[in-house]
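So the sequence lines, in the order shown, correspond to chains A and B.
Under the UniProt record's numbering, the residue at position 269 of the first sequence is numbered 269, and the numbers go up by one with no gaps.
Under the UniProt record's numbering, the residue at position 52 of the second sequence is numbered 52, and the numbers go up by one with no gaps.
We put the beta carbon where it would ideally sit given N, CA and C, even for glycine.
As structure tokens, the structure follows; a few thoughts come after it.
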Amino acid sequence: MSVLVDDDTRVVVQGITGGEGKFHTGQMQDYGTNVVAGAVPGRGGEEVEGVPVYDTVDEAVEAEDANASVIFVPPAFAADAVFESLDSDLDLAVAITEGIPTQDMAKVNKRLSEVDTHLIGPNCPGIITPGEAKLGILPGDIFSSGNVGFISRSGTLTYQVVDSLTDRGLGQSTAIGIGGDPIIGTGFTDALSLFEDDPDTDAIVMCGEIGGEDEEQAAAYIDSEMETPVAGFIAGRTAPPGKRMGHAGAIVSGSGTGTAESKIDALNDAGVPVGDTPEEVAENVEDLL
Amino acid sequence: MRLHEYQAKEVFAEAGMPIPDSELAETTEEVVEAAGSVGYPVAVKAQVHVGGRGKAGGIELVENDEEAREAAESILGMDLKGYTVERVLVEAAVDFVNELYVGVTMDRGEGKPVAMVSSEGGVEIETVAEETPEAIAREHVDPAFGMHPYQARRAVFDAGVDQDVATDVASVLTTLYQLWDDRDGSDVEVNPLMITSDDEVVAADAVMNIDDDALFRQPDLADIEQSSYENDLEAKAGEYGFDYVRLEGNVGIIGNGAGLVMTTLDLVDYYGGEPANFLDVGGGAKAERIANALDMVFSDDNVESVVFNIFGGITRGDEVAKGINNALEQFDEIPKPVVVRLAGTNSEEGMEILNADLVQVEETLEGAVQRAVENADSASVTEGSR
């Protein structure tokens, strides 16, 4: 089983005519994802990787019955693309784009509260239900099907930890890269609640990092609301205060909040074992199952 | 991107924010001249990207030419928390009776902008926020509507600002929000906002941090000259377009993706080593970029060993391998031992391409990090025995 995506998901790719859009459409198709349409203003009527392109998301939804979108649109236009997918009443929108201005995302966030669409990202690798569908840029072959739900703020860290899980025969129900930006659609708490409600997810891995207080909030949620066991990992223990480490969100304030230590403590207090290495995370999951 | 105070004040002035008269100066003579034309008393203020300039000796209040000369001589060229002072702002001193704080930033937890006012200005607002959070009035703003004037007034009255100046302070806050919104600010602040005995309101300082991701629509700000790099290595990283942070240790680290690179740093520490840097080559890096990354890390004298950790998704292992080969083949002798760990997209092709005479290959992240830590340790031992 899975959350948010499965082999019934019908995907429209926004920005399908761009280099990344085209390449990853092929990759998603190879993985078995139902890519039913592309949407690029001014390019309606074309075909990319055998997929019909429409001028608007609305047209794609109407003609091909799409219910999810993946967004490979450059940062200057990406927020607009997200708004368009929200306006088309899709079940799911996945924004891969890195570098969307934070103020744009605040406006998206406001709109998100008024619609039923789930947004994953931006600045994320996407979402995958192994063996069924992937929406995004995740390398499909490291994933395997199973009962571990996976949530991460970082793309490459997802690959690293999933690799350790798969190596030990711990398959995944669904893996969600939620993205490392300060303002994102689906956060840890939202993703945890989706997995909590999924009968076929028996344990969850959440990979966090320094910056913000999302992991602390997630820990409180796990403590009060969740039955499904969770294993954790936090990147950035060695990060010096006041420095931005790549991700816009990954900055340690000097005052003690948002540090790796505060996140690890909060998770431990909620009964979540936090591994020191990706290998140890996989061991912890084994123990939880 | 952080603007200098003088740059931020230019933006403020254009928006109609009340600021003191001031001139920029780069030499002692210019300081004395500027002070004369602004009119004593003046504040001589170092223009560097650090907080707490006053405490660190970067701001002096002077009454005459002689004092101005002395202040200029002590501040220009001084080292302020790692930055050399190249310019000062010579600014009319404000005779104030009260100091406030006003600021606008993004509350990432709420996903909304927040406007803030405190009657406890003139000190580090972080300290106020920590010790007496109730002294800061906060107003969350719907980003779709912008800040309504009543919200600015409510924040000002909640902060206990004197009624005689409340309307003017609210107007400053409205302007500040507008600036934040129009200019893609991440943090825009005035601390202190000074109130004079005549109930005038003056922005005596100006902080403007701009969202780097939004610079494409702020071309005039993007063009502002930046002298914000701490050292040559960071300047070089800026030119190459890397996310790079220099640290104190001796194990150089290169990887793709912020989370994975941070994890590699943490593992170096976990296995008893000390990371020398954070260097993220980003997604989809081609061979040239990989070679540049190696060049960066070799340029750091502290580095005794290097670990390359790539887990390809959008990045391809064959491109990475080509880049490593290109970078290393130009050396007669490899400057520091390089451990490579390649996984993910096209990693098998990459392993075939990789010139195994030049690097040490490890299959796992843990193995690669341990090897790099050992390399650094043995280098230190060798140096120690010289």
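Straight-line gap, residue i to residue j (C-alpha atoms, nearest Å)
| i | j | result |
| --- | --- | --- |
| A:Glu213 | B:Val141 | 20 Å |
| B:Ala15 | B:Gly58 | 27 Å |
| A:His247 | A:Pro278 | 20 Å |
| B:Glu189 | A:Ala282 | 45 Å |
| residue 388 of chain B | B:Gly313 | Only positions 1 to 386 of chain B appear in this structure, which leaves residue 388 of chain B out of reach. |
| A:Arg43 | A:Gly242 | 45 Å |
| B:His148 | A:Leu192 | 36 Å |
| B:Asp95 | A:Ile251 | 38 Å |
| A:Asp221 | A:Ser85 | The sequence given here places Tyr at residue 221 of chain A; Asp does not occur at that position. Those two C-alpha atoms are separated by around 29 Å. |
| B:Val85 | B:Ala35 | 18 Å |
| B:His4 | B:Met208 | 8 Å |
| A:Ser145 | A:Gly249 | 30 Å |
| A:Lys110 | B:Leu221 | 27 Å |
| A:Ile178 | A:Asn147 | 19 Å |
| B:Ile195 | A:Asp116 | 48 Å |
| B:Thr364 | B:Asp266 | 15 Å |
| B:Pro113 | B:Met1 | 18 Å |
| A:Val5 | A:Thr174 | 8 Å |
| B:Val97 | A:Thr257 | 35 Å |
| B:Val165 | A:Gly18 | 55 Å |
| B:Val50 | B:Val88 | 14 Å |
| B:Val123 | B:Glu134 | 16 Å |
| B:Leu100 | B:Asp300 | 44 Å |
| B:Ala237 | A:Met245 | 13 Å |
| A:Leu119 | A:Arg153 | 14 Å |
Under the three-state DSSP convention, the category residue i falls into
| i | result |
| --- | --- |
| A:Phe143 | coil |
| B:Tyr229 | At B:Tyr229 the pLDDT is 46, less than 50, meaning the model places this residue with poor confidence and gives no usable figure here. |
| B:Arg2 | strand |
| A:Thr129 | strand |
| B:Ile290 | helix |
| B:Glu363 | coil |
| A:Tyr159 | helix |
| B:Leu176 | helix |
| A:Arg237 | coil |
| A:Val13 | strand |
| B:Ala56 | coil |
| A:Tyr221 | helix |
| A:Arg43 | coil |
| B:Met296 | helix |
| B:Arg341 | strand |
| B:Ser385 | Low per-residue confidence applies at B:Ser385: pLDDT is 48, beneath 50, and the placement is therefore not dependable enough to give any value. |
| B:Ala155 | helix |
| B:Ala204 | coil |
| B:Ser305 | strand |
Sub-7 Å separation of residue i and residue j beta-carbons
| i | j | result |
| --- | --- | --- |
| B:Ala92 | B:Val42 | yes |
| B:Arg371 | B:Val339 | yes |
| A:Val272 | A:Ala203 | no |
| A:Pro125 | A:Ile142 | no |
| B:Ile19 | B:Ala46 | no |
| A:Ile184 | A:Thr102 | no |
| A:Val94 | A:Gly121 | yes |
| A:Leu135 | A:Val70 | yes |
| B:Thr315 | B:Gly284 | yes |
| B:Leu247 | B:Asn277 | yes |
| A:Thr25 | A:Ala133 | no |
| B:Ala159 | B:Ser118 | yes |
| B:Val104 | B:Tyr177 | yes |
| B:Glu139 | B:Ala115 | yes |
| A:Phe72 | A:Ile100 | no |
| B:Glu274 | B:Asn250 | yes |
| A:Ala266 | A:Glu216 | yes |
| A:Gly236 | A:Ala260 | yes |
| B:Gly259 | A:Leu157 | yes |
Under 9 Å by beta carbon: chain D residues contacting residue i
| i | result |
| --- | --- |
| A:Gly212 | Considering every chain present, this structure includes no chain D. Its protein chains are A and B. |
Next on the checklist: Report the start-end ranges of each beta strand (DSSP E) in the region 257-283 of chain A that is 3 residues or longer and not cut off at the edges.
Outcome noted: Every candidate beta strand (DSSP E) stretch fails here, since none sits fully inside the region 257-283 of chain A while reaching 3 residues.
Checklist entry - Counting only runs that start and end within the region 65-150 of chain B, where is the alpha helix (DSSP H) found for 4 or more residues in a row? => result Those alpha helix (DSSP H) runs which fall completely within the region 65-150 of chain B and span 4+ residues are 65-75 and 125-131.
Item to check | At least 3 beta-carbon pairs within less than 8 Å: the region 62-78 of chain A vs the region 3-17 of chain A | outcome: Counting Cβ pairs under 8 Å, three or more are found: they touch.
Item to check | beta strand (DSSP E) segments (min. 3 residues) lying fully within the region 206-283 of chain B | outcome: Counting only runs of 3 or more, we get 207-210, 243-246, 251-255 and 277-280.
Item to check | the region 255-271 of chain B / the region 301-309 of chain B touching (three or more Cβ pairs under 8 Å) | outcome: Verdict: yes, contact present.
Checklist entry - Can you list, in chain order, the stretches of the alpha helix (DSSP H) that have 4 or more residues and sit fully within the region 75-119 of chain A? => result The alpha helix (DSSP H) runs of length 4 or more contained entirely in the region 75-119 of chain A are, from start to end of the chain, 75-87 and 102-112.
Item to check | Segment contact, 8 Å Cβ cut-off, at least three pairs: the region 33-41 of chain A with the region 53-64 of chain A | outcome: Short answer: they touch.
Checklist entry - Is the number of C-beta pairs between the region 339-359 of chain B and the region 317-330 of chain B that are closer than 8 Å three or more? => result Segments in contact, yes.
Checklist entry - If you pair each beta-carbon of the region 173-192 of chain B with each one of the region 212-219 of chain B, do three or more pairs fall below 8 Å? => result Yes, they touch.
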